[in-house]
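In the working numbering, the protein residues as written are 19 to 451.
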Amino acid sequence: MKRILISLLIFINIISIAAQDRNAIDNKTQRIREEFQDRKFGIFLHWGIYSMLADGEWVMHNRSLDRNEYAKLAGGFYPSHFDAREWTKLFKEAGAQYVTFTSRHHDGFSMWATKASPYNVVDATPFKRDVIGELAQACQEQKLKLHFYYSHMDWQRTDYPMGRCRSCPHDSATTNWETYYAFMNKQLTELLTNYGPIGAIWFDGMWDHPEKEFDWQLDEQYALIKRLQPACMIGNNHHGSPIGVEDFQLFEQDLPGQNTAGFSGDQKISQLPLETCMTMNNTWGYSITDRNYKSSEDLIRRLVTAAGLNANFLLNIGPRPDGKLPDQSVEILKHIGTFMKENGETIYGTRGGCVPPQAWGVTTQKGKKLYIHILNKVENGQIFLPLTEQSITKVVSYDSKAKMKIQQEKGGCRIFLPEQPDLVDFILCATLK
Ligand code: FHN
């Protein structure tokens, strides 16, 4: 009997240690996700040999280019001005906290020294430098987290099972999911083994096979990522609600809740961290004709609105084929940097405030501090904050610290504003009771 009791106790002990371990993993995942949310602002980079054609990253598909001819571009890729340190210094000064880089886009060209295929920046170009290696080093120096974009779809490989995008077709007899899947996993293993701690893998392209029955074997692939780097988050731009162990939810060209660009589909906003990615102009990869840049003010307001909606803002740049960033992008980054230097406290580490978005703007919150971002013109010199569970004791201008007159009313608090300054974001700081 005594022996049975002892065995039982040992068994219970093992179970509770296992449960503690599971909690420990959960707590760690929670912390990693929160740290990601705290970072708020990242830079997306779409760079590959497509930049040489200066017509966006879809040029191979859009012009139905022959895969073998397109591949020859690699032989001329020599971005003589590429300087990862210069890039990351600029990103840091702009207030970004992480960088998401296209390790391999849909054209199938890899921007690192992969052994899984010779079609890469080291083996197939005269440049011969490991772009990702240099970027990883520069990000570490600037304490910027590095995320990798990775395309599930591939227009170059003849083993990729073609889906909807059929502009660069290959003989379907060569399709081989097993070799293609093994290739992707080999590449992911390299990316997560050779370049230090990686913040996230950002998948894209799964929508090439909209049919539900197409099996991407995501569970196994996601498990591989977590095995190699447990702290690496997984996001997937499949234009749907998060699946499996995905750590964050992505929105393309729209803030959560919007669907102006048509990529949000019917996805519901989940409890996971959210991230909106957006272009500065209309294209992700470098385009020589696309001068349709949003203004810095517009982009700052979008960044702030994303924060108010509890989402990170991932702002894209398409570097030129010579390795420089487009002048317009550099200018925009400088403006954002000035704004973030002065007002970053009201963005970093905050969450969407207890007052939901209003016609005049949004709120962000850190503990008892509620930051009120007035982004639009207020007509009658006052704003109303609907508050049911909390009340406000004091409101000051974030900038001048001048005290605002407030009036408690049924269902919230009214704030009387001074003449609205001509600012991209007029910020007030309220103290919650
Ligand atoms: O096709 C891509 C596109 O080139 C770009 O990478 C964007 C970024 O979100 N995602 C895809 C379209 O959903």
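Ideal Cβ positions, reconstructed from N, Cα and C, are used throughout, including at glycine.
Among the options, the one whose alpha carbon lies nearest that of residue i
| i | options | result |
| --- | --- | --- |
| leucine 273 | Asp265, Phe166, Leu333, Pro215 | Leu333 |
| threonine 192 | Asp177, Glu363, Lys204, Phe444 | Asp177 |
| tyrosine 304 | Glu52, Gly66, Gly60 | Gly66 |
| glutamate 293 | Ile350, Ser314, Ala329 | Ala329 |
| alanine 241 | Gly280, Met251, Asn277 | Met251 |
| proline 374 | Gly326, Pro228, Lys90 | Gly326 |
| glycine 385 | Asn194, Val396, Gly371 | Gly371 |
| isoleucine 150 | Ala102, Thr411, Ile392, Asp141 | Ala102 |
| asparagine 194 | Gly214, Tyr213, Asp172, Gly367 | Asp172 |
| asparagine 255 | Ser282, Asp233, Glu231 | Ser282 |
| threonine 301 | Val77, Gln438, Lys163, Glu196 | Val77 |
| asparagine 212 | Ser415, Ala154, Lys419, Lys146 | Ala154 |
| lysine 423 | Ala448, Glu229, Asp440 | Ala448 |
| proline 228 | Tyr198, Met180, Glu208 | Met180 |
| tyrosine 96 | Met70, Tyr88, Glu75 | Met70 |
Distance between residue j and residue i (C-alpha atoms, nearest Å)
| i | j | result |
| --- | --- | --- |
| leucine 446 | glycine 113 | 21 Å |
| leucine 317 | methionine 298 | 8 Å |
| proline 339 | serine 98 | 9 Å |
| serine 121 | leucine 206 | 10 Å |
| glycine 362 | glycine 355 | 9 Å |
| threonine 143 | methionine 202 | 21 Å |
| tyrosine 311 | arginine 369 | 28 Å |
| valine 413 | isoleucine 306 | 47 Å |
| lysine 244 | glycine 217 | 12 Å |
| phenylalanine 62 | cysteine 295 | 8 Å |
| glutamate 270 | aspartate 222 | 11 Å |
| asparagine 86 | glycine 93 | 12 Å |
| glycine 336 | histidine 170 | 20 Å |
| aspartate 265 | glutamine 55 | 11 Å |
| threonine 452 | serine 259 | Given that the chain is displayed from residue 19 to residue 451, the structure contains no residue 452 and the question cannot be resolved. |
| glutamate 208 | serine 128 | 12 Å |
| asparagine 398 | glutamine 426 | 18 Å |
Residue i in three-state terms, based on DSSP
| i | result |
| --- | --- |
| threonine 192 | helix |
| leucine 162 | coil |
| asparagine 328 | coil |
| phenylalanine 127 | coil |
| asparagine 86 | helix |
| serine 305 | strand |
| valine 263 | coil |
| serine 418 | coil |
| alanine 200 | helix |
| leucine 405 | coil |
| threonine 323 | helix |
| threonine 364 | helix |
| alanine 448 | strand |
| isoleucine 287 | coil |
| threonine 411 | strand |
| aspartate 73 | strand |
| glutamine 55 | helix |
| lysine 352 | helix |
| aspartate 311 | The question names aspartate, but residue 311 in the sequence shown is tyrosine. Residue state, collapsed to three classes: coil. |
| asparagine 212 | coil |
| tyrosine 68 | helix |
Close-in-space but distant-in-sequence residues of the same chain around residue i (CB under 7 Å, 5 per side omitted)
| i | result |
| --- | --- |
| valine 348 | Leu108 |
| glycine 262 | Leu236, Asp237, Tyr240 |
| aspartate 84 | none |
| glycine 126 | Tyr137, Asp172, Trp173, Gln174, Arg175 |
| lysine 20 | A caution first: lysine 20 carries a pLDDT of 47, below 50, which makes its placement in the model unreliable, though a value can still be read off. Closer than 7 Å at the Cβ level, and outside the excluded window around lysine 20, lies no residue. |
| phenylalanine 444 | Ile392, Gln438 |
| leucine 450 | Lys386, Leu388, Gln408, Ile410 |
| aspartate 73 | Ser305 |
Beta-carbon contacts of residue i that lie in its chain and below 6 Å, excluding the five residues immediately before and after
| i | result |
| --- | --- |
| tryptophan 220 | Thr118, His165, Tyr167, Gly253 |
| tryptophan 378 | Ile392, Asn394, Val396, Ile401 |
| isoleucine 365 | Lys58, Ala325 |
| histidine 188 | Thr176 |
| arginine 319 | Leu393 |
| arginine 309 | none |
| serine 185 | His79, Ser82 |
| glutamine 160 | Thr106, Lys110 |
| alanine 156 | Ala102, Arg103, Thr106 |
In DSSP terms, what residue i is bridged to
| i | result |
| --- | --- |
| glutamate 270 | Cys295 |
| methionine 251 | Ala218 |
| serine 169 | Asp222 |
| glycine 430 | Pro404, Glu427 |
| isoleucine 61 | Val117, Leu333 |
Check: residue i C-beta below 7 Å from any heavy atom of ligand 2
| i | result |
| --- | --- |
| histidine 124 | For the structure depicted, ligand 2 is absent and the ligand set comprises only ligand 1. |
Cutoff 8 Å; reference residue i; Cβ partners in own chain excluding five residues on either side
| i | result |
| --- | --- |
| glycine 429 | Pro404, Leu405, Thr406 |
| lysine 46 | Pro248, Ala249 |
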